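Chains as they are written, first to last, in our numbering: chain A, 19 to 240; chain B, -9 to 120. Built from N, CA and C at the ideal position, the CB exists for glycine as well. The structure displayed is predicted, hence computed values, not measured ones.
Right, here's the structure in full:
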């Protein structure tokens, strides 16, 4: 073997690095080669965080499922829940998920007017959701059905309130995203942050689907 | 390609630090419109189902669960863009693991608490505690 052979031999004979197998160009881990785009890595990291958040919510859901019968002689879900209010809340959050998607599309196409319009709409819808929820909580507390009334109400306020807290944080994040795009433009790092924000907002929509089904619709069953 | 945004040259970026900027506004909006339509239908079905009486009473919670899971799937596919593409494999595996943990947590809690309640009814526990 000559030295020329040694130097021309592949440095990665077992394809442990980024695969370049021409036979399976589209198999997982055998993409076009090179490191994955930052968009994919940032998205994956934030996705892991979101899943951990979902696991936390699962804990609260489990607590609610175990405790929903523990009304301690107090009011039950069927007596307390106003499904019309929940339906309006659901509409707000669903539409805000859609307008957040519009903002993503606007970012992709670098249309700042559409971006600001979509983000403002998302903010207004999210804020209406939060206002409706706060009003509902106030009504419950005023009727003597606060979180200290029974195990069922403790679990209810915990799971719904935790989601509401997430929405409030999301609204703050939304405003900072608008400010950052305004000040810095569609820069690569701003786009990473916006990607994380949109994933967060859509994840809140998914958790709300579980929430209105398990807490409100099941709870309102006779 | 030497286009710049915000004063950063393409050559200054980390490899692959590039976001899709095809400028196809219509194509990306389309996915969100489909998602909105599908999830609106599913939401309306969820809220309307209990009052219509279309489903046998005791089966309503199961029907609601099915509608909710379908809607979560719609959100995942059309809003979060979870696909089976190669660059999404890790996301999909993480999601599968997350679903496993969530399932174990909720089903396990319910199973254990139901067992506990049938072995020691709540009233008896109270008396024992005294």
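Start and end of the alpha helix (DSSP H) containing residue i?
| i | result |
| --- | --- |
| residue 181(A) | 169 to 202 |
| residue 108(A) | 101 to 127 |
| residue 88(A) | Unbroken run through residue 88(A): none, as it is neither H nor E. |
| residue 98(A) | 95 to 98 |
Does DSSP put residue i in a helix, in a strand, or in coil?
| i | result |
| --- | --- |
| residue 78(B) | helix |
| residue 46(B) | coil |
| residue 17(B) | helix |
| residue 23(B) | helix |
| residue 14(A) | This structure leaves residue 14(A) out entirely; chain A is present only between 19 and 240. |
| residue 162(A) | coil |
| residue 229(A) | helix |
| residue 239(A) | coil |
| residue 72(A) | helix |
| residue -9(B) | At residue -9(B) the pLDDT is 39, less than 50, meaning the model places this residue with poor confidence and gives no usable figure here. |
| residue 132(A) | helix |
| residue 205(A) | coil |
| residue 72(B) | coil |
| residue 218(A) | helix |
| residue 64(A) | helix |
| residue 141(A) | helix |
| residue 110(B) | coil |
| residue 224(A) | helix |
Quick check on this structure: which residue in the options has the alpha carbon closest to the alpha carbon of residue i?
| i | options | result |
| --- | --- | --- |
| residue 104(A) | 146(A), 71(A), 67(A) | 146(A) |
| residue 92(B) | 160(A), 75(A), 134(A) | 75(A) |
| residue 105(B) | 121(A), 53(A), 84(A), 174(A) | 84(A) |
| residue 91(A) | 78(A), 129(A), 169(A), 221(A) | 169(A) |
| residue 200(A) | 135(A), 89(A), 70(A) | 135(A) |
| residue 67(A) | 237(A), 217(A), 231(A), 238(A) | 217(A) |
| residue 208(A) | 194(A), 221(A), 159(A) | 194(A) |
| residue 23(B) | 188(A), 205(A), 155(A), 119(A) | 119(A) |
| residue 214(A) | 59(A), 53(A), 54(A) | 59(A) |
| residue 184(A) | 97(A), 111(A), 106(A) | 111(A) |
| residue 89(B) | 205(A), 175(A), 73(A) | 73(A) |
| residue 117(A) | 141(A), 171(A), 78(A) | 141(A) |
| residue 180(A) | 162(A), 63(A), 71(A), 65(A) | 71(A) |
| residue 137(A) | 130(A), 121(A), 159(A) | 121(A) |
| residue 89(A) | 131(A), 130(A), 164(A) | 164(A) |
| residue 53(A) | 52(B), 43(B), 77(B), 41(B) | 77(B) |
| residue 62(A) | 166(A), 231(A), 211(A), 230(A) | 211(A) |
| residue 197(A) | 78(A), 133(A), 87(A) | 133(A) |
| residue 202(A) | 82(A), 128(A), 64(A), 106(A) | 128(A) |
| residue 186(A) | 229(A), 230(A), 219(A) | 219(A) |
| residue 148(A) | 235(A), 108(A), 126(A) | 108(A) |
| residue 86(A) | 171(A), 102(A), 65(A) | 171(A) |
| residue 66(B) | 115(A), 161(A), 206(A), 139(A) | 115(A) |
| residue 192(A) | 94(A), 102(A), 93(A), 139(A) | 139(A) |
| residue 93(A) | 161(A), 64(A), 235(A) | 161(A) |
Assuming residue i and residue j form a contact by the criterion Cβ under 8 Å, report the distance between their Cβ atoms to the nearest whole angstrom.
| i | j | result |
| --- | --- | --- |
| residue 233(A) | residue 177(A) | 6 Å |
| residue 69(B) | residue 223(A) | 7 Å |
| residue 36(B) | residue 15(B) | Between residue 15(B) and residue 36(B) the Cβ distance is about 31 Å, and since that is not below 8 Å, they are no contact. |
| residue 61(B) | residue 32(B) | 4 Å |
| residue 57(B) | residue 50(B) | The Cβ separation is near 10 Å, so there is no contact. |
| residue 143(A) | residue 113(A) | 5 Å |
| residue 126(B) | residue 29(B) | This structure leaves residue 126(B) out entirely; chain B is present only between -9 and 120. |
| residue 188(A) | residue 151(A) | The Cβ separation is near 13 Å, so there is no contact. |
| residue 18(B) | residue 123(A) | 4 Å |
| residue 96(A) | residue 239(A) | 7 Å |
| residue 74(B) | residue 83(B) | Contact flag wrong, Cβ pair sits at about 11 Å. |
| residue 190(A) | residue 98(A) | So it is not a contact: roughly 30 Å between Cβ atoms. |
| residue 174(A) | residue 82(A) | 7 Å |
| residue 77(A) | residue 94(B) | That belief does not hold up - the Cβ atoms of residue 77(A) and residue 94(B) are roughly 11 Å apart, past 8 Å. |
Cβ-heavy atom distance between residue i and the ligand MN below 7 Å?
| i | result |
| --- | --- |
| residue 51(B) | What this structure holds is no ligand at all, so the ligand MN is not there to describe. |
Give, in chain order, every residue of the region 73 to 88 of chain A whose Cβ lies closer than 7 Å to some Cβ of chain B. For the region 73 to 88 of chain A, which is checked against every Cβ of chain B, the residues closer than 7 Å are 73, 76, 77, 79, 80, 83, 84.
Of the residues that make up the region 76 to 87 of chain B, which ones have a beta carbon closer than 9 Å to any beta carbon in chain A? Within the region 76 to 87 of chain B, those residues whose Cβ lies closer than 9 Å to any Cβ of chain A are, in chain order, 76, 77, 78, 79, 80, 81, 84, 85, 87.
Residues of the region 47 to 64 of chain B whose Cβ lies closer than 8 Å to any Cβ of chain A, in chain order: Correct list: 50, 51, 54, 55, 57, 58, 61, 62.
For the region 225 to 236 of chain A, enumerate the residues whose C-beta is nearer than 7 Å to any C-beta of chain B, in chain order. Here the close residues are 227, 228, 231, 235, 236.
Below 7 Å between beta carbons is the criterion; list the residues of the region 177 to 193 of chain A that meet it against any residue of chain B, in chain order. Answer set for the region 177 to 193 of chain A: empty.
In chain order, what residues of the region 129 to 157 of chain A put their CB closer than 9 Å to some CB of chain B? Of all residues in the region 129 to 157 of chain A, 129, 132 have a Cβ within less than 9 Å of some Cβ in chain B.
Using a Cβ-Cβ cut-off of less than 7 Å, list which residues of the region 89 to 115 of chain B approach chain A; keep chain order. Those residues of the region 89 to 115 of chain B that come within reach of chain A (Cβ to Cβ, closer than 7 Å) are 91, 92, 95, 96, 99, 100, 103.
Please list, in chain order, the residues of the region 106 to 117 of chain A that have any C-beta partner in chain B closer than 7 Å. Hits within the stretch, in order: 108, 112, 115, 116.
Interface positions of the region 197 to 223 of chain A facing chain B (Cβ-Cβ less than 7 Å), listed along the chain: Residues 202, 203, 204, 205, 206, 209, 217, 220, 223.
Within 8 Å of chain A by C-beta, residues of the region 24 to 46 of chain B in sequence order: Along the region 24 to 46 of chain B, the positions whose C-beta sits under 8 Å from a C-beta of chain A are 25, 26, 29, 30, 33, 36, 37, 40, read in chain order.
Under 9 Å, CB to CB, which of the residues in the region 51 to 65 of chain A have a partner in chain B? If the cut-off is 9 Å between Cβ atoms, the region 51 to 65 of chain A has 52, 53, 54, 55, 56, 57, 58, 59, 61, 62, 65 near chain B.
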